[in-house]
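In this note's numbering, the protein residues as written are 563 to 640.
Worksheet for the structure shown next.
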Amino acid sequence: KELINRLIKREKKNMKTVKKRMKEFKKDLSKWKEYDLVVINDDLKKCYARIMKVIKNKQKENLYDYEYIKNHVKRLNI
Numbered sequence: 563k564e565l566i567n568r569l570i571k572r573e574k575k576n577m578k579t580v581k582k583r584m585k586e587f588k589k590d591l592s593k594w595k596e597y598d599l600v601v602i603n604d605d606l607k608k609c610y611a612r613i614m615k616v617i618k619n620k621q622k623e624n625l626y627d628y629e630y631i632k633n634h635v636k637r638l639n640i
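Here it is, written out as structure tokens:
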């Protein structure tokens, strides 16, 4: 419900776009169980912090290069 309200506010009168985005969301939602991790991007800073925390923890297992990813994101100005 919150997502559709955000989309309606953002898209103003373009309900066609809202319906398309909701259809895409439902398709994406059906695939979530295939992933190891799902992060909801309802707040960019919180989302980024969650992702970086996971990466940092995985770095301890030598799965990700935390510093490389952190510096790359900085270059993107996020």
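By construction, the Cβ of each residue, glycine as well, lies at the ideal position given by its N, Cα and C atoms.
As the structure is a computational prediction, the values presented were derived from the model and not from experiment.
- Just so you know, the alpha carbons of VAL580 and PHE587 end up roughly 10 angstroms apart.
- Cβ neighbours of ILE566 within its own chain (closer than 8 angstroms, five residues either side excluded): VAL580, MET584.
- Within the same chain, Cβ atoms closer than 8 angstroms to the Cβ of ILE613 are found at VAL601, the five residues on either side in sequence being excluded.
- Contact annotation, ILE617 with TYR610: C-beta distance approximately 10 angstroms; criterion of less than 8 angstroms not satisfied.
- For LEU638, the secondary structure class from DSSP, reduced to helix, strand or coil, is coil.
- Residues of the same chain with a CB within less than 7 angstroms of the CB of LEU599, apart from the 5 flanking positions on each side, are VAL616 in chain order.
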